[in-house]
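Enquirer:
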Amino acid sequence: MTNQVIEDMAEVCHDEWVKWSKNISEELALAIDVLKKDIEFAHEKGVENKEAIELVEKFESRLERWGALWIPYEDLTEEMKDSDRKYAIKMFDIAEEALKE
């Protein structure tokens, strides 16, 4: 296994995660909108929907974290690259094992 192969595979992992997370983020944004309407409706009825409020906060936090990582692989911190490298090594190991069969 060469470092360059792992690095190239890690970049692919990151790029695919960016595509996936952007797609999911659209769904989360819709869920946030629905939850906010539910929160507003509950508030008008004098009820605090704590679960919905917590979900909105959680989803918005996730979207903020994800958005900060929607950058090219080469611009990631080494710590974030290491996360992608772990997946690349797993994929490499699977491919290597399959080629032995």
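Each residue of the sequence shown is one higher than the one before, counting from 1 in full-length UniProt numbering. The beta-carbon is built from N, C-alpha and C at its ideal position, and this holds for glycine as well. On a predicted model such as this, the values are computed, not experimentally measured, just so you know.
Let me know the secondary structure DSSP gives G46 once reduced to three states.
Expert: In the structure shown, G46 sits in coil (DSSP, three-state: anything other than H, G, I, E or B).
Enquirer: If I measure Cβ to Cβ from E7 and keep anything under 6 Å in the same chain, skipping five residues before and after, which residues do I get?
Expert: So no residue of the chain qualifies.
Enquirer: Report buried or exposed for A31, applying the criterion of at least 16 other Cβ atoms within 10 angstroms of its Cβ.
Expert: Per the 10 Å Cβ criterion, exposed.
Enquirer: Count the other C-beta atoms from every protein chain shown that fall within 10 angstroms of the C-beta of A68, then say buried if there are 16 or more, exposed otherwise.
Expert: Counting Cβ neighbours within 10 Å, A68 comes out exposed, since fewer than 16 surround it.
Enquirer: Can you grab the Cα-Cα spacing for the pair H43 / E57, in whole Å?
Expert: Using only the alpha carbons, I get a separation of about 17 Å.
Enquirer: Assuming residue 121 and L63 form a contact by the criterion Cβ under 8 Å, report the distance between their Cβ atoms to the nearest whole angstrom.
Expert: The structure shown has nothing for residue 121, since the chain only spans 1 to 101.
Enquirer: State the Cα-Cα distance for the pair E60 and E54, rounded to the nearest angstrom.
Expert: Roughly 10 Å separates the two Cα atoms.
Enquirer: At the level of alpha carbons, what is the spacing between V5 and E26?
Expert: Cα-Cα distance, rounded: 32 Å.
Enquirer: Could you give the distance in angstroms between the alpha-carbon of E40 and the alpha-carbon of N23?
Expert: Between E40 and N23, the C-alpha separation is close to 27 Å.
Enquirer: When DSSP labels each residue in this structure, what does I71 get in the three-state scheme?
Expert: It is coil, neither helix nor strand.
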